[in-house]
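Asks: First to last, the sequence lines map onto chains A and B.
Sequential numbering of the first sequence, starting at 484, is according to the working numbering.
Sequential numbering of the second sequence, starting at 90, is according to the working numbering.
Shown below is the structure under consideration.
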Amino acid sequence: AQKVTQAQTEISVVEKEDVTLDCVYETRDTTYYLFWYKQPPSGELVFLIRRNSFDEQNEISGRYSWNFQKSTSSFNFTITASQVVDSAVYFCALSEAGSGYSTLTFGKGTMLLVSP
Amino acid sequence: KAGVTQTPRYLIKTRGQQVTLSCSPISGHRSVSWYQQTPGQGLQFLFEYFSETQRNKGNFPGRFSGRQFSNSRSEMNVSTLELGDSALYLCASTLVGSYNEQFFGPGTRLTVL
Numbered sequence: 484a485q486k487v488t489q490a491q492t493e494i495s496v497v498e499k500e501d502v503t504l505d506c507v508y509e510t511r512d513t514t515y516y517l518f519w520y521k522q523p524p525s526g527e528l529v530f531l532i533r534r535n536s537f538d539e540q541n542e543i544s545g546r547y548s549w550n551f552q553k554s555t556s557s558f559n560f561t562i563t564a565s566q567v568v569d570s571a572v573y574f575c576a577l578s579e580a581g582s583g584y585s586t587l588t589f590g591k592g593t594m595l596l597v598s599p
Numbered sequence: 090k091a092g093v094t095q096t097p098r099y100l101i102k103t104r105g106q107q108v109t110l111s112c113s114p115i116s117g118h119r120s121v122s123w124y125q126q127t128p129g130q131g132l133q134f135l136f137e138y139f140s141e142t143q144r145n146k147g148n149f150p151g152r153f154s155g156r157q158f159s160n161s162r163s164e165m166n167v168s169t170l171e172l173g174d175s176a177l178y179l180c181a182s183t184l185v186g187s188y189n190e191q192f193f194g195p196g197t198r199l200t201v202l
């Protein structure tokens, strides 16, 4: 069965520090997508990135970067020079070809607190 | 383009009552999924509707049901509410075929007293 593990429940950093959020996944499907979502206090899940199982290229978007390694089933997320506005809960999620990609399996989330 | 809208945003009910939540997807999106978020269990998939048919269902009791209308709007219903049903209910819409990326609404926060 599919599973997503975010071992870090809560991380506290001071502004301008770099921070990495870990995500480890389990799936029997060879074709799948991985996602990161951000949930600010308002509650709405904000899409950050999607990566398919055949694309192990790392990606950088501004201060955000993602490292996908199939060999270790990990899809880690790094925020460089963190800012107070980055404070939120971050979720890693998986969708599989077996379910038609129509369901997301989420990790428990990592709460990031960035203090000034 | 308008995002996913959910109504109501907040709801307070008592045990034993039933509740209906509504979700309007992004225009052109025909798939709607529902998720329950609680502090203990996290985000859990409830069900997904596509073209008025339930395509996938999560591991929830039969008290949780849903439907989708011809305009893709979806409703979910919870009957005989229990205290444990207190949660944030999130709806997501998907443009099927476009990497199946799910766009989430702001959620309905249900409190059962």
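Beta carbons: idealized from backbone N, C-alpha and C, even for Gly.
1) What residues of chain A sit near B/R119, judged by a beta carbon separation below 8 Å?
2) Rounding to the nearest angstrom, what Cα-Cα distance links A/V597 and B/F158 in this structure?
3) Output the boundary residues of the beta strand (DSSP E) element that contains B/L100.
4) List the residues of chain B that A/G581 touches, going by C-beta distances under 7 Å, in chain order.
5) Here's a check: name, in chain order, each residue in its chain whose Cβ is nearer than 6 Å to the Cβ of A/E493, leaving out the five neighbours to either side.
6) Taking one C-beta from the stretch 171 to 187 of chain B and one from the stretch 103 to 112 of chain B each time, how about it: are there three or more such pairs within less than 8 Å?
7) Can a CB atom of chain B be found closer than 8 Å to the CB of A/T513?
8) Can you name the start and end residues of the beta strand (DSSP E) that A/N613 belongs to?
9) Can you find a CB in chain A that lies within less than 8 Å of the CB of B/L132?
10) Does B/G92 come out as helix, strand or coil in the three-state DSSP assignment?
11) On the DSSP bridge list, what partners appear for B/T127?
12) Quick check: the stretch 138 to 156 of chain B against the stretch 115 to 130 of chain B, are there 3 or more CB pairs under 8 Å?
Replies: Let's see:
1) For the purposes of this step, residue 119 of chain B is taken as residue 30 along the second sequence, with counting starting at 1. Within 8 Å Cβ-Cβ: nothing; B/R119 doesn't reach chain A, min ~11 Å.
2) Along the first sequence, one-based indexing puts residue 597 of chain A at 114. Along the second sequence, one-based indexing puts residue 158 of chain B at 69. If you take the alpha carbons of A/V597 and B/F158, they lie about 43 Å apart.
3) Looking up residue 100 of chain B in the second sequence gives position 11. Here the beta strand (DSSP E) through B/L100 covers 99 to 102.
4) Start at 1 with the first residue of the first sequence, and residue 581 of chain A comes out as number 98. Near A/G581 there are no residues of chain B at all, since even the closest Cβ is about 10 Å away, more than 7 Å.
5) Within the first sequence, the letter at position 10 stands for residue 493 of chain A. Correct list, in chain order: M594.
6) yes
7) Reading the first sequence from its first residue, position 30 is the one you call residue 513 of chain A. By this cut-off, A/T513 is not an interface position.
8) With chain A covering only 484 through 599, there is no way to say anything about residue 613 of chain A.
9) For the purposes of this step, residue 132 of chain B is taken as residue 43 along the second sequence, with counting starting at 1. At least one chain A Cβ lies under 8 Å of B/L132.
10) If you number the second sequence from 1, residue 92 of chain B lands on position 3. It is coil, neither helix nor strand.
11) As a first step, residue 127 of chain B is located in the second sequence; it is residue number 38 there, counting from the start. The partner list for B/T127 (beta bridge, DSSP) reads B/G131.
12) yes
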